[in-house]
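Engineer: Handing you this structure, nothing more for now.
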Ligand SMILES: Cc1cc2nc3c(=O)[nH]c(=O)nc-3n(C[C@H](O)[C@H](O)[C@H](O)COP(=O)(O)OP(=O)(O)OC[C@H]3O[C@@H](n4cnc5c(N)ncnc54)[C@H](O)[C@@H]3O)c2cc1C
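Dropping the structure here:
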């Protein structure tokens with residue numbers, strides 16, 4: 031694992047729900063809650079997702095917009111409704127009609143941040159999972175889904191060992207199965223952001239045409255959430271089954287090969303950690319050897335750099 035600060039993406043999200051009874055007598059809005067369909071609106075710098083929840087009794091809306099920088103980084107930040115309606119004031123009449131129905135109150139607002147991929151998700155017998163290691167822009171609806179995959183794989187690999195000495199190897203197998211896949215979901219969401227938030231102009235017109243063509247099966251969609259091949263790669267994989275099926279193979283290979291441990295102790299003796307941050311080899315059983323090696327490697331590196339011991 032490494033010290034790795036979360037970075038602003040420049041985006042923030044409002045989340046609102048609108049009860050069905052507020053839509054009565056408005057057929058053009060009522061269909062949004064009655065049909066089992068998700069709606070996506072795109073515009074310069076933002077987009078909106080809306081879909082029915084609670085057995086068609088509520089419309090759930092996630093409204094993405096540029097972070098005003100003063101958006102608080104908090105589990106419970108809110109913003110005034112006027113900020114929200116201002117940003118979407120020239121969007122589709124349907125969007126404006128829905129926002130008109132929202133009560134004049136503080137609206138929950140999330141600052142959206144991501145991490146550059148971590149060097150490792152596992153150290154000794156500790157593993158990271160969920161947003162702690164792969165916070166994902168919610169643009170391909172995969173943050174919690176990938177966290178659930180983490181949990182499924184962890185449950186599988188830990189259930190397949192019978193000796194607590196093997197916990198570290200089980201965690202390495204978890205990481206082998208999950209890290210690249212989780213990070214692909216993160217990258218896909220960031221890529222989708224670029225497509226969805228284009229300013230009006232030639233690129234936006236090309237995007238719209240590509241989305242239309244993709245809906246007829248004529249090409250891939252720049253909106254990965256709606257792209258058939260992306261959907262197959264995300265929804266068409268039973269990662270827990272894969273963990274069970276490949277466990278013996280991965281166990282043999284993980285136990286046999288040296289593993290990377292993350293060298294994160296550079297801060298002790300050098301001011302610019304980037305000069306030395308990298309990886310060191312440890313044996314597959316991890317933690318203890320890693321710590322023993324680390325002391326020795328620090329001494330060697332001080333020698334290389336001509337630093338006093
Ligand atoms: C606007 C928005 C829309 C989203 N839409 C989707 C979607 O459609 N589909 C999807 O799959 N994902 C979506 N996500 C992503 C999803 O919400 C997250 O990926 C998911 O909640 C991550 O789960 P987690 O358990 O890793 O972390 P969290 O849900 O963040 O849980 C972490 C928990 O730890 C607690 N905690 C923090 N610090 C401490 C501490 N020191 N001690 C004790 N407890 C602590 C927190 O209170 C929290 O309850 C969306 C996210 C946002 C912001």
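In the working numbering, the protein residues as written are 31 to 339.
Ideal Cβ placement from N, Cα and C applies to all residues, glycine included.
Quick caveat, the model's predicted, so the values are computed rather than measured.
(1) Go ahead and label residue 284 buried or exposed: buried means 16 or more other beta carbons lie within 10 angstroms of its beta carbon, across all protein chains shown.
(2) Along the beta strand (DSSP E) that carries residue 139, what are the first and last residues, could you check?
(3) Quick one: is residue 212 buried, meaning 16 or more other Cβ sit within 10 Å of its Cβ, or exposed?
(4) Which class does residue 198 belong to by DSSP, given the choice of helix, strand or coil?
(5) Ligand 1 and residue 140: does any heavy atom of the ligand fall closer than 7 Å to the residue's C-beta?
(6) Can you give me the C-alpha to C-alpha distance between residue 203 and residue 161, rounded to a whole angstrom?
(7) How far does the beta strand (DSSP E) with residue 166 in it reach, from first residue to last?
(8) In three-state DSSP terms, what is residue 315?
(9) Return the CA-CA distance between residue 126 and residue 151, expressed in angstroms with no decimal places.
(10) Going along the chain, which residues of its own chain have a beta-carbon closer than 6 Å to the beta-carbon of residue 60, five neighbours each way excluded?
(11) Going by the beta-carbon positions, is the gap between residue 38 and residue 111 smaller than 8 Å?
(12) Span of the alpha helix (DSSP H) holding residue 2?
(13) Which one of 275, 35, 256 has the shortest CA to CA distance from residue 145?
(14) Residue 138: buried (16+ other C-beta within 10 angstroms of its C-beta) or exposed?
(15) Buried or exposed: where does residue 156 fall if 16 or more other Cβ atoms within 10 Å of its Cβ makes it buried?
(16) Pop quiz: residue 166 and residue 216 are said to be a contact at Cβ under 8 Å. What is the actual Cβ separation, rounded to whole angstroms?
(17) Under a three-way DSSP split, which group does residue 182 fall into?
(18) Helix, strand or coil for residue 69? Go by DSSP, reduced to three states.
(19) From residue 108 to residue 96, what does the alpha carbon distance come to, in whole angstroms?
(20) For residue 251, does the count of other Cβ atoms within 10 angstroms reach 16, so buried, or fall short, so exposed?
(21) Please confirm if the segment 267 to 275 is in contact with the segment 182 to 195, defined as three or more CB-CB distances below 8 Å between the two stretches.
(22) Since residue 83 and residue 62 are thought to touch, with beta carbons under 8 Å apart, how far apart are those beta carbons, to the nearest angstrom?
Structural biologist: In this structure, then:
(1) Buried.
(2) Counting along the chain, the unbroken beta strand (DSSP E) around residue 139 starts and ends at 137 to 144.
(3) Its Cβ being crowded by 16 or more others within 10 Å, residue 212 is buried.
(4) For residue 198, the secondary structure class from DSSP, reduced to helix, strand or coil, is helix.
(5) Proximity of the beta carbon of residue 140 to ligand 1 is indicated: a heavy atom of the ligand is located closer than 7 Å.
(6) Rounded to the nearest angstrom, the two C-alpha atoms are 19 Å apart.
(7) For residue 166, there is no enclosing beta strand (DSSP E), as DSSP marks it with neither H nor E.
(8) Here residue 315 scores only 40 on pLDDT, less than 50, and its place in the model should not be relied on; the value that follows carries that caveat. Residue 315 sits in coil when the DSSP states are folded into three classes, being neither helix nor strand.
(9) One C-alpha to the other measures close to 43 Å.
(10) So the qualifying residues of the chain are 53.
(11) No, Cβ-Cβ distance for residue 38 and residue 111 is not below 8 Å.
(12) Nothing about residue 2 can be reported from this structure: the residues present for the chain run from 31 to 339 only.
(13) That would be 35, whose Cα lies nearest to the Cα of residue 145.
(14) Exposed, since its Cβ has fewer than 16 Cβ neighbours within 10 Å.
(15) Exposed: under 16 other Cβ atoms inside 10 Å.
(16) Their Cβ separation, rounded to whole angstroms, is 5 Å, which keeps residue 166 and residue 216 in contact under 8 Å.
(17) Note: residue 182 maps to helix in three-state DSSP.
(18) Of the three classes helix, strand and coil, the one that applies to residue 69 here is strand, per DSSP.
(19) Looking at the backbone, the Cα of residue 108 and that of residue 96 are separated by about 15 Å.
(20) Using a 10 angstroms sphere on the CB of residue 251, the tally of other CB atoms reaches 16 or more, which defines it as buried.
(21) Contact between the segment 267 to 275 and the segment 182 to 195 is established, with three or more Cβ pairs separated by less than 8 Å.
(22) With a contact defined as Cβ atoms closer than 8 Å, residue 83 and residue 62 miss out at about 12 Å.
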